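Here's the structure, in structure tokens; my notes come after.
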Amino acid sequence: MILRKYMSLLGIGSAHIDLILPKETYVVGEHINGYFLIKGGMIDQQLRRIDCELMMSDQLKGIEKIIDTRMIFTSKRIQSEELYKISFTLKLPTTIPVSTEEISYCFKTKLTFDEGVESIDQDIIRII
Numbered sequence: 716m717i718l719r720k721y722m723s724l725l726g727i728g729s730a731h732i733d734l735i736l737p738k739e740t741y742v743v744g745e746h747i748n749g750y751f752l753i754k755g756g757m758i759d760q761q762l763r764r765i766d767c768e769l770m771m772s773d774q775l776k777g778i779e780k781i782i783d784t785r786m787i788f789t790s791k792r793i794q795s796e797e798l799y800k801i802s803f804t805l806k807l808p809t810t811i812p813v814s815t816e817e818i819s820y821c822f823k824t825k826l827t828f829d830e831g832v833e834s835i836d837q838d839i840i841r842i843i
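716 is the number of the first residue of the sequence shown in our numbering; add one for each residue after it.
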């Protein structure tokens with residue numbers, strides 16, 4: 716049990732997060748409804764928060780910009796091997812440029828624990 720605890724502190728066998736979206740392509744101004752799927756690891760872990768950022772990357776200008784952020788504070792304890800869902804909603808701004816070869820979008824999601832390595836997920840979307 717102690718070995719498993721130390722392994723999860725290093726990120727081996729710890730809980731992880733995945734943002735589940737119904738599709739990959741969205742229209743400017745559309746509401747995105749999905750959920751965060753948290754899968755428990757080898758041991759119980761105390762969650763602290765979930766951060767999810769919609770990022771725009773402009774390859775031509777060489778910049779990455781945060782478009783919108785969702786932050787969820789939680790004190791949920793994820794049991795070993797447990798599946799836990801938290802709903803996610805975001806309305807795309809009407810003023811952002813559409814996806815092109817130079818402009819791309821993704822959601823960067825981070826799950827933070829009281830102890831251990833953070834779990835990170837990235838989901839690419841296309842905006843038309």
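Glycine included, each C-beta is placed from N, C-alpha and C at the ideal position.
Remember, predicted model here, so these are calculated numbers, not experimental data.
With contacts defined by Cβ atoms closer than 8 Å, Thr-815 and Ile-747 do not form a contacting pair. Here DSSP, grouped into helix, strand and coil, assigns Ser-772 to strand. DSSP, read as helix, strand or coil, puts Gln-837 in strand. In this structure Thr-824 is buried. Its beta-carbon is surrounded by 16 or more other beta-carbon atoms within 10 angstroms. For Lys-754, the closest alpha carbon among the candidates Val-743, Ile-778 and Lys-800 is that of Lys-800. Per DSSP, Ser-790 lies in no beta strand (DSSP E) and is assigned neither H nor E. With respect to Tyr-820, Ile-835 sits apart: the two C-beta atoms are not nearer than 8 Å.
Nearest neighbour of Ser-729 by Cα position, chosen from Ile-842, Arg-792, Ile-735 and Thr-740, turns out to be Arg-792. Below 8 Å, too few C-beta pairs join the segment 806-814 and the segment 757-766 to call them touching: fewer than three.
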